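2 protein chains.
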Amino acid sequence: MPELRLDPVTGRWVLVATERAKRPKDFAQHDAAGLKVPPGHSDACPFCPGNERQTPPEIFSFRRDGTGPDEPGWWVRGVPNKYPALTWEPTVKPSTSGVFSVRPATGAHEVIIESPLHNVSPATMTHDDMAEVVRAYVHRYRALASADDIRYILIFRNHGRDAGASLEHPHSQIAGVPLVPPVVLEEIAGARQHQETTGRCVFCDMVRQELDASARMVLETREFVALEPYASKMPFETWVLPKAHTPSFHELDPSRHHELAGVLVDVLGAISRGLHDPPYNYILHTAPPRERCDGFYHWHIEIFPKLTVAAGFEFGMGVYINITTPETAAEFLRNCIQARDPGRNSGAQG
Amino acid sequence: MPELRLDPVTGRWVLVATERAKRPKDFAQHDAAGLKVPPGHSDACPFCPGNERQTPPEIFSFRRDGTGPDEPGWWVRGVPNKYPALTWEPTVKPSTSGVFSVRPATGAHEVIIESPLHNVSPATMTHDDMAEVVRAYVHRYRALASADDIRYILIFRNHGRDAGASLEHPHSQIAGVPLVPPVVLEEIAGARQHQETTGRCVFCDMVRQELDASARMVLETREFVALEPYASKMPFETWVLPKAHTPSFHELDPSRHHELAGVLVDVLGAISRGLHDPPYNYILHTAPPRERCDGFYHWHIEIFPKLTVAAGFEFGMGVYINITTPETAAEFLRNCIQARDPGRNSGAQG
Chain W
312 MPELRLDPVT
322 GRWVLVATER
332 AKRPKDFAQH
342 DAAGLKVPPG
352 HSDACPFCPG
362 NERQTPPEIF
372 SFRRDGTGPD
382 EPGWWVRGVP
392 NKYPALTWEP
402 TVKPSTSGVF
412 SVRPATGAHE
422 VIIESPLHNV
432 SPATMTHDDM
442 AEVVRAYVHR
452 YRALASADDI
462 RYILIFRNHG
472 RDAGASLEHP
482 HSQIAGVPLV
492 PPVVLEEIAG
502 ARQHQETTGR
512 CVFCDMVRQE
522 LDASARMVLE
532 TREFVALEPY
542 ASKMPFETWV
552 LPKAHTPSFH
562 ELDPSRHHEL
572 AGVLVDVLGA
582 ISRGLHDPPY
592 NYILHTAPPR
602 ERCDGFYHWH
612 IEIFPKLTVA
622 AGFEFGMGVY
632 INITTPETAA
642 EFLRNCIQAR
652 DPGRNSGAQG
Chain B
312 MPELRLDPVT
322 GRWVLVATER
332 AKRPKDFAQH
342 DAAGLKVPPG
352 HSDACPFCPG
362 NERQTPPEIF
372 SFRRDGTGPD
382 EPGWWVRGVP
392 NKYPALTWEP
402 TVKPSTSGVF
412 SVRPATGAHE
422 VIIESPLHNV
432 SPATMTHDDM
442 AEVVRAYVHR
452 YRALASADDI
462 RYILIFRNHG
472 RDAGASLEHP
482 HSQIAGVPLV
492 PPVVLEEIAG
502 ARQHQETTGR
512 CVFCDMVRQE
522 LDASARMVLE
532 TREFVALEPY
542 ASKMPFETWV
552 LPKAHTPSFH
562 ELDPSRHHEL
572 AGVLVDVLGA
582 ISRGLHDPPY
592 NYILHTAPPR
602 ERCDGFYHWH
612 IEIFPKLTVA
622 AGFEFGMGVY
632 INITTPETAA
642 EFLRNCIQAR
652 DPGRNSGAQG
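Those protein sequences? They're chains W and B, same order as listed. All residue numbers for the first sequence refer to our numbering, where the first residue is 312 and numbers rise by one. All residue numbers for the second sequence refer to our numbering, where the first residue is 312 and numbers rise by one.
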């Protein structure tokens with residue numbers, strides 16, 4: 312150590328340097344005793360039941376029979392983002408002046424309110440409740456994928472103020488964007504090259520190799536794996552992938568919503584309990600609806616706990632310094648899961 | 312608004328969405344009255360004079376005649392980073408196993424202690440003192456550029472704990488790294504394409520266009536400009552560039568050290584006073600020593616105040632959301648500079 316590890320998908324290097332490492336326990340940002348548990352309902356929260364008029368009119372909801380839109384009675388609710396980063400009413404036209412070009416940021420920016428309860432999160436939800444959030448993701452993905460001018464659907468979640476969540480009430484965000492994200496283009500380029508060289512999907516190869524080695528496995532179910540990627544950019548970065556080759560998330564069979572929800576709850580629960588509810592982001596990576604990448608792209612969810620600060624080195628290089636090896640992180644998370652549920656298959660049988 | 316602006320160098324989009332904007336004054340993280348001024352000397356600080364034995368032996372120092380290495384008497388001092396991200400004694404060999412590859416992180420990782428005073432920073436230093444820091448950058452750049460296996464020299468500064476500074480005492484970092492940073496490769500690719508298309512340097516074109524338009528100019532001196540880039544990724548992102556086409560920083564004539572130092576002090580001073588000493592990173596971008604990019608690359612310094620949080624959207628897209636237009640930021644910083652020094656040419660004569 313230190314060592315440079317190559318991300319097999321993007322071809323980007325990550326610098327693993329444990330000289331300045333903390334032990335996993337030292338990452339905890341506050342004592343467990345210091346964790347404030349917010350109330351289950353907040354009159355001031357625009358996402359709490361009874362305050363439905365404080366959001367723009369709802370786009371959809373999963374709700375009890377006999378209740379109407381923008382009324383209580385829902386368990387998952389989708390609304391437009393009140394401060395959208397993308398809109399359908401652009402005020403700017405595409406133009407170029409000298410070296411500068413601008414185009415309108417057209418698209419959709421929506422919020423999925425994950426629960427009527429103010430104080431839950433995927434780390435503490437039941438698998439059943441989280442399965443309804445997964446169902447909402449698929450529902451909105453399908454609706455937005457058919458819209459003109461939308462080239463990609465970005466589904467993500469910010470947890471905690473330091474990870475960009477401006478409201479405490481549990482929610483995810485969905486953006487229908489007018490360009491394929493550079494991050495996804497980079498993955499597609501790397502995955503295409505791997506397929507051209509080997510004839511195989513690089514994500515499938517990675518899953519197979521990780522299941523064999525087991526050192527970076529966090530959790531294995533019938534259809535999914537959770538693992539710490541070999542070239543993790545940050546401590547406790549965790550990916551959730553389907554084992555079977557599946558390019559696009561929206562192909563997820565409804566019978567698998569519950570299983571995926573369970574993996575997310577168990578992994579985020581381990582991160583939350585083991586590291587004292589750190590801020591995190593998770594992002595769904597999926598094939599762009601209008602691109603042909605069936606043979607080599609493979610949808611997955613990337614979870615980034617926010618435990619360290621990206622600084623001058625990262626900004627200047629485009630190379631992350633990771634102070635915790637993914638092998639250490641995986642062992643820690645496996646232990647967190649097993650301590651909670653000794654019967655759970657943690658995926659590290661080796 | 313919102314709008315997508317194209318970075319003319321890299322071809323990356325930035326999303327400018329001011330709907331959720333704060334006014335510049337609202338970015339201030341603490342009241343001016345709440346700013347703690349640390350002491351000028353700290354017995355516990357390994358970078359303070361008298362504690363020289365707490366660092367690895369010094370690499371160089373600018374010091375008073377009659378004083379010796381690792382003794383007080385210096386005004387700028389360079390030492391190896393005690394927790395290096397790169398070393399010359401690798402323990403890992405280059406190897407590949409399945410889809411995973413690793414190589415040693417060989418190179419140099421040094422700290423430049425910018426002052427014997429514990430409580431100054433470039434925002435509060437004299438131009439003379441900062442000129443000595445610039446001289447130290449050039450000195451170490453030249454020394455590292457001749458080392459085998461070093462492909463790039465990264466010079467950067469982290470200010471404040473939230474921008475990754477683990478020690479309060481003013482210091483910069485220099486890394487001699489074994490690969491050209493992906494961030495710089497992307498700039499080179501874009502700049503090369505501009506040169507092939509137009510025959511010109513894209514940075515020169517940008518400087519010329521900004522001097523004409525003046526809306527994003529912060530400061531202009533005889534040889535340098537400071538400006539808010541058209542596709543600023545973050546509020547108050549500021550670039551400092553030489554006006555004349557100059558690929559590599561180390562070509563900076565010693566007679567210009569003082570002028571560059573003055574621009575850095577004035578710009579960082581405006582950011583510090585106007586926004587209440589926010590955390591920031593600055594990074595020197597320069598041509599890699601062994602690459603041929605004389606015709607189209609142009610060294611510059613990028614300053615990133617840390618006022619907002621990159622979250623799921625940024626991680627998932629590789630596209631930043633910036634809530635403050637560079638035109639608003641430039642006007643604010645020009646006013647900060649003029650309030651301090653009414654005679655100063657702020658570069659916005661238009």
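Where a beta carbon is used, it is the ideal one built from N, C-alpha and C, also for glycine. All of these numbers come straight from a predicted model, not from anything done at the bench.
How many Å lie between residue i and residue j at the Cα?
i         : j         : result
Ile424(W) : Asn362(W) : 12 angstroms
Pro401(W) : Pro313(B) : 7 angstroms
Pro675(W) : Arg316(B) : Within the shown structure, residues of chain W are numbered from 312 to 661, placing residue 675(W) beyond reach of any answer.
Pro335(B) : Pro367(W) : 28 angstroms
Tyr394(B) : Ser477(B) : 11 angstroms
Ile382(W) : Val422(W) : As written in the sequence, residue 382(W) is Glu, which differs from the Ile given in the question. About 17 angstroms.
Val630(W) : Pro492(B) : 7 angstroms
Ile648(W) : Asp337(W) : 19 angstroms
Ala474(W) : Glu548(W) : 14 angstroms
Ala328(B) : Arg462(W) : 19 angstroms
His470(W) : Thr619(W) : 15 angstroms
Trp399(W) : Arg527(B) : 28 angstroms
Can you find a CB in chain B that lies within less than 8 angstroms of the CB of residue i?
i         : result
Ile485(W) : no
Gln504(W) : no
Ser525(W) : no
Gln520(W) : yes
Pro637(W) : no
Gly627(W) : yes
Val529(W) : no
Leu315(W) : yes
Tyr394(W) : yes
Phe296(W) : No answer is possible for residue 296(W): the residues shown for chain W start at 312 and end at 661.
Tyr541(W) : yes
Pro308(W) : Coverage of chain W is limited to positions 312 through 661, which leaves residue 308(W) absent and any answer about it impossible.
Where does residue i fall in DSSP's three states?
i         : result
Ser426(W) : coil
Gly322(B) : coil
Asp652(B) : coil
His420(B) : strand
Arg281(B) : Not covered by the structure: residue 281(B). The range shown for chain B is 312 to 661.
His480(B) : coil
Tyr591(W) : strand
Pro401(B) : coil
Glu507(W) : helix
Val413(B) : strand
Pro600(B) : coil
Glu521(W) : helix
Glu531(W) : strand
Val491(W) : coil
Glu613(W) : strand
Using beta carbons (cut-off 8 angstroms, strictly below), is residue i in contact with chain W?
i         : result
Thr398(B) : yes
Asp337(B) : no
Trp550(B) : no
His341(B) : Reliability fails at His341(B), whose pLDDT of 49 lies under 50, so the model's placement of it is uncertain and the value that follows must be treated cautiously. So, not an interface residue.
Ile594(B) : yes
Gln649(B) : no
Gly510(B) : no
Trp324(B) : yes
Thr402(B) : yes
Asn646(B) : no
Ile632(B) : yes
Ala328(B) : yes
Met517(B) : yes
Phe607(B) : no
Can you find a heavy atom of the ligand FMN that lies under 7 angstroms from the Cβ of residue i?
i         : result
Glu570(B) : You won't find the ligand FMN in this model; it holds no ligand whatsoever.
query = Using 8 angstroms as the Cβ pair cut-off and three pairs as the minimum, do the region 427-446 of chain W and the region 574-582 of chain W touch?
reply = yes
inquiry  = Counting only Cβ-Cβ distances shorter than 9 angstroms, please list the residues of the region 489-503 of chain B near chain W, keeping chain order.
reply    = Pro489, Leu490, Pro492, Pro493, Val494, Val495, Leu496, Glu497
inquiry  = To be precise: take each residue of the region 460-472 of chain W, compare its Cβ to all Cβ atoms of chain B, and keep it if any distance is under 7 angstroms. Which residues remain?
reply    = Leu465, Phe467, Arg468, Asn469
message = Quick check: the region 540-556 of chain B against the region 609-616 of chain B, are at least 3 beta-carbon pairs closer than 8 angstroms?
response = yes
message = Under 8 angstroms, with one C-beta from each stretch per pair, do the region 587-605 of chain W and the region 448-468 of chain B reach the 3-pair mark?
response = no
ask   = Going along the chain, which residues of the region 401-430 of chain B sit with their C-beta nearer than 7 angstroms to a C-beta in chain W?
value = Of all residues in the region 401-430 of chain B, only Thr402, Val403, Gly409, Val410, Phe411, Ser412, Val413, Arg414, Pro415, Ala416 come within less than 7 angstroms of chain W when Cβ atoms are compared, listed by chain position.
ask   = Does the pairing of the region 399-419 of chain B with the region 560-569 of chain B give three or more beta-carbon distances under 8 angstroms?
value = no
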